[in-house]
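S.K.: Quick one: the structure is below, and I'll ask about it shortly.
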Amino acid sequence: MDIEIASLSFTYPSSLTALRKVSLSIGTGEAVAIIGQNGAGKTTLVKHLNALLKPTHGQVRVGSWDTRERSVAQLAARVGYVFQNPDDQLFQRTVRAEVMFGPRNLGWAKNRAAVQVETTLKEVGLLEQAGRHPYDLSPGDRRLVALAAVLAMDTPVIVLDEPTTGLDYAGVEKIGRIVDDLRAKGRTLIAITHDMDFCAEHFERVVVLAEGRLLLDGPIRAVFAQADVLAQSDVDPPQLARLASRLGLETVPLTVEEFIAEVGQAGKTEL
Amino acid sequence: MDSGYRGGGNDRVEDLADLVTTNVITLEHVTYSYPASSEPALRDVSLAIPAGQFCAIVGANGAGKSTLAYTLSGFIPHFYRGSLAGRVTVAGRQTTAAPLSELVLSAGMVFQNPFNQISGTKFTVREEIAFGLENLGAPREEIRGRVAAAMALVGIEALAERSPLALSGGEMQRVAIASVLVMKPPVLILDEPTSQLDPIGSREVFEAIRALAAGGEMTVVMIEHKLEWVAQFAERVVALAGGKVIADGKPAEVLTDERLMLHGVGQTRYTLAARRAREIGLWPAERKLAVTLEEAVMGFG
Chain S
1 MDIEIASLSF TYPSSLTALR KVSLSIGTGE AVAIIGQNGA GKTTLVKHLN
51 ALLKPTHGQV RVGSWDTRER SVAQLAARVG YVFQNPDDQL FQRTVRAEVM
101 FGPRNLGWAK NRAAVQVETT LKEVGLLEQA GRHPYDLSPG DRRLVALAAV
151 LAMDTPVIVL DEPTTGLDYA GVEKIGRIVD DLRAKGRTLI AITHDMDFCA
201 EHFERVVVLA EGRLLLDGPI RAVFAQADVL AQSDVDPPQL ARLASRLGLE
251 TVPLTVEEFI AEVGQAGKTE L
Chain B
1001 MDSGYRGGGN DRVEDLADLV TTNVITLEHV TYSYPASSEP ALRDVSLAIP
1051 AGQFCAIVGA NGAGKSTLAY TLSGFIPHFY RGSLAGRVTV AGRQTTAAPL
1101 SELVLSAGMV FQNPFNQISG TKFTVREEIA FGLENLGAPR EEIRGRVAAA
1151 MALVGIEALA ERSPLALSGG EMQRVAIASV LVMKPPVLIL DEPTSQLDPI
1201 GSREVFEAIR ALAAGGEMTV VMIEHKLEWV AQFAERVVAL AGGKVIADGK
1251 PAEVLTDERL MLHGVGQTRY TLAARRAREI GLWPAERKLA VTLEEAVMGF
1301 G
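These protein sequences, in sequence, are chains S and B.
So for the first sequence, this note's numbering puts the first residue at 1; every next one is plus one.
So for the second sequence, this note's numbering puts the first residue at 1001; every next one is plus one.
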C-alpha cells in the first residue's frame, strides 16, 4: 500500500509548528528510515499516517484514503503503529492477551486470531513469556511485546517509532531480522531511528527532517554521503561510512563485508 | 539552617580533598534479589570506583545493569526492598544505614525513562530543572545560574519556557539529565541517558559527562549501549552478564573481548571490521583491534 504526503503542515494547540510543508511519496513495499535531530518533527509526521494527528494544512493519503476523512479505528486496519515507549501502548494482563487485542479489535474470528497470535509470538521469540504480565518483563522484552501486538494485525503499512531504543546488541539484531522479514513480505515499512548503523544495514531509503522541514530524501548511500547536510540535523553518518570517508574511499559502505571489500580493492590498486 | 543543601562554593573543594585519596564507590560481595524472585539479579559483585572516574557499565538486557544503578543510588534496598547481602558504600555512606533522603544528595540518578524523572507539577522546563534546588532552599540567584548552566550543558536553552510534558522523547530525556546535573551530586549514576537522543546530541552528552568527571567534579557510573561513545569517552568499562561482572578494564580491552559477544554485548563496527580484516591479512596480527574511529583510521590508513 502506498502513501502520499502532500505539503503537510502541522501546528500543535500550543501553537508550536512541528511540520512545515513536508511532501513525501512512499511506494508499496518500500522501507524508509526517518532520521533527524530531537524535536525535528519525526514522531509528529508518522502520527499523521494513522490519523492520530490530522493535517493543519496539506494532505495525507494512505492507499486511496484521505486521512482527514477517516478515523483512527478505520486506519488501524491499514497502518500498524508501534509507539516509541512501549509503556504507552501496553495495557493487558498477559502478553498473549496484549497481542490478541489488535486482531480481535479488527473483527477477526477467535480461531484465526489465536493462530496469528502464536505465530507472531514465535516470530519475535516471546512464546515462552506468553502467560506473563507485560510489566513483569524487562524493558527490552516489553518493546518486543508492543511490536508483536502490532505485527499480529497484519497491516499493509507498519510504522516503528525508534524500535531499537534501549535494546542490547542481540535485541537490535532481532529487530533487524524482523525488519528484513517484513520487507521480504512486501510490507510498506517506515521507521524512525537514531541508530545509524541499524539504519544502514536494514533500510534502502532515508528521509531527514530538520526543524519540521524535509532536509534530505534519497537512496541511503546518497544521503549518508552528505555528512555536512546531515550535521544540520545533528546526525552523523554510520560508523563505517565515516571510516570510509576518513580513509578517502569514494563509496559509502553499509556493512562490514562491503567495507572490507572496498579496503581490499583500494589496497590492490595501490600495489 | 542545615537543609542538606550543598552549595557550589568552597565546601566542594574540601569534599574533593577527602575523596581523591579514596574510592568513592565500593561494592563488596554484593548479592541482591528482588522481592518475590528466587534468582539473584546481582551475584557477588565487587567493585571499587575512584573519585573522578567515568565508568561505563555494559551488558545485555537483563544482565543486572539497572539493578546495579538502583543499588548504587540507594533505591535498593530502600525503595525496592528485596534481600541485599554484602556492603555498598557511596560517598562515605553505607547505603543500608543512611536514609534515601540523604543518599540522593550524594548520588544523583538519571532514570532510563525520562517520564519517570519529570515531576509533572511544573509549567516550564526552567522551573522543572530548578525544582530540586528549590526543595533544598538554595538561594534564588544561585538557582538561576545553575539552572542556566545545566541547560547549556545538554543544549536545551531554547526549550526553557516550554512545558516539560509537551516535549519530544529526546528533548524530555535532555531535561531529565539537566534536572540531575543541576544538583551537582558528587556521584552521578545514569541509566541509558542517551537512548532517545539524536546522534550528535548523544556524543555531546558523553563529552559533557567526560568533562565533569575529568574536572574532578563528579564520579560517573553510566549504563550505555552506545559502544562507540563508551569506547571514546569512558575511562573504564565493566561488563555484566547474569548479574556477575564478567570483564572490567580499559575500553580497548573490554570492548574487543570476544567472550562479550556470547553474552549479548556488541562491538563497534570498527572492531568488527578490524577483526574481519585481520582474518584475511588486511590488519596486522600484532596490532590491537580498533574500538574507536581514530584507531580504525590508523589501522586501515
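Where a beta carbon is used, it is the ideal one built from N, C-alpha and C, also for glycine.
1. Mind checking residue 181 (chain S): buried by the 16 CB within 10 Å criterion, or exposed?
2. The alpha helix (DSSP H) spanning residue 23 (chain S) covers which residue range?
3. To be precise: take each residue of the region 69-84 of chain S, compare its Cβ to all Cβ atoms of chain B, and keep it if any distance is under 9 Å. Which residues remain?
4. Using the three-state DSSP reduction, which class does residue 121 (chain S) fall into: helix, strand or coil?
5. Which ranges does the beta strand (DSSP E) cover as unbroken runs of at least 3 residues, wholly within the region 29-80 of chain S, from first to last along the chain?
6. Using a Cβ-Cβ cutoff of less than 6 Å, which residues in the same chain neighbour residue 209 (chain S) once the five nearest sequence positions on both sides are dropped?
7. Kindly identify the DSSP beta-bridge partner or partners of residue 4 (chain S).
8. Note down, in chain order, all residues in the region 235-265 of chain S with a beta-carbon under 7 Å from any beta-carbon belonging to chain B.
9. Could you give the uninterrupted runs of the alpha helix (DSSP H) lying entirely in the region 1091-1118 of chain B, keeping only those of 4 residues or more?
10. So, at 6 Å on beta carbons, what are the nonlocal neighbours of residue 1114 (chain B) in its own chain, with the 5 sequence-adjacent residues on each side left out?
11. Residues in the same chain with beta-carbon distance under 8 Å from residue 207 (chain S), minus the five sequence neighbours each way, listed in chain order, please.
12. Where does residue 1046 (chain B) sit, in a helix, a strand or coil, going by DSSP?
13. Nearest chain S C-beta to residue 1120 (chain B) closer than 8 Å, yes or no?
14. Measuring alpha carbon to alpha carbon, tell me which of B:1199, B:1050 and B:1273 ends up nearest residue 1092 (chain B).
15. Tell me the DSSP bridge mates of residue 1028 (chain B)?
16. Around the C-beta of residue 28 (chain S), are 16 or more other C-beta atoms found within 10 angstroms, so that it is buried, or is it exposed?
17. With a cut-off of 8 Å, do at least 3 Cβ pairs link the region 1213-1225 of chain B to the region 1043-1057 of chain B?
18. Pick helix, strand or coil for residue 1023 (chain B), following the three-state DSSP scheme.
19. Return the chain-ordered list of same chain residues with a C-beta closer than 7 Å to the C-beta of residue 1199 (chain B), the five sequence neighbours on each side being excluded.
20. I need the DSSP call for residue 175 (chain S), collapsed to helix, strand or coil.
21. If you scan the region 154-232 of chain S from start to end, which runs of the beta strand (DSSP E) of 3 or more residues do you find wholly inside it?
22. Please list, in chain order, the chain B residues whose beta carbon lies closer than 9 Å to that of residue 14 (chain S).
23. To the nearest angstrom, report how far apart residue 102 (chain S) and residue 1040 (chain B) are at their CA atoms.
24. Provide the residue(s) that pair with residue 1249 (chain B) in DSSP beta bridges, ordered along the chain.
25. Using 8 Å as the threshold, is the C-beta distance between residue 1190 (chain B) and residue 1254 (chain B) below it?
26. By Cβ distance below 8 Å, which residues in the same chain neighbour residue 1170 (chain B) in space, the five residues on each side in sequence not counted?
27. Using a Cβ-Cβ cutoff of less than 7 Å, which residues in the same chain neighbour residue 223 (chain S) once the five nearest sequence positions on both sides are dropped?
28. Would you grab the beta carbon distance between residue 1234 (chain B) and residue 1059 (chain B) for me? Rounded to a whole angstrom, and I think it's under 8 Å.
29. Using a Cβ cut-off of 9 Å, pull out every chain S residue sitting near residue 1210 (chain B), in sequence order please.
30. Give, in chain order, every residue of the region 177-207 of chain S whose Cβ lies closer than 8 Å to some Cβ of chain B.
31. With 8 Å as the threshold, decide whether the Cβ of residue 1192 (chain B) is near any Cβ in chain S.
32. Determine the chain S residues that contact residue 1269 (chain B) at a beta-carbon separation under 7 Å, and present them in chain order.
33. To the nearest angstrom, how far is it from the Cα of residue 20 (chain S) to the Cα of residue 5 (chain S)?
34. Hey, is residue 167 (chain S)'s beta-carbon within less than 8 Å of any beta-carbon in chain B?
35. Is residue 11 (chain S) helix, strand or coil by DSSP?
36. Nearer than 7 Å: is that true of the beta carbon of residue 24 (chain S) relative to any heavy atom of the ligand ZN?
M.R.: Reading off the structure:
1. exposed
2. Segment 17-26 is the beta strand (DSSP E) holding residue 23 (chain S); no alpha helix (DSSP H) there.
3. 84
4. helix
5. 31-35 and 57-62
6. 36, 40, 41 and 42
7. S:25 and S:61
8. 235, 236, 239, 240, 242, 243, 246, 247, 256, 259, 260, 263 and 264
9. 1100-1106
10. 1172, 1173 and 1176
11. 24, 32, 33, 34, 35, 214, 216 and 217
12. strand
13. no
14. B:1050
15. B:1087
16. exposed
17. yes
18. strand
19. none
20. helix
21. 157-161, 188-192, 205-210 and 213-219
22. 1162, 1163 and 1166
23. 36 Å
24. B:1237
25. no
26. 1196, 1197, 1198 and 1201
27. 206, 208 and 216
28. Contact flag wrong, Cβ pair sits at about 14 Å.
29. Going along chain S, no residue has its Cβ under 9 Å from residue 1210 (chain B), so there is no contact; the nearest lies around 17 Å.
30. 194, 196 and 197
31. yes
32. 197, 239, 240 and 256
33. 12 Å
34. yes
35. strand
36. With respect to small molecules bound, the structure shown includes none, and the ligand ZN cannot be examined in it.
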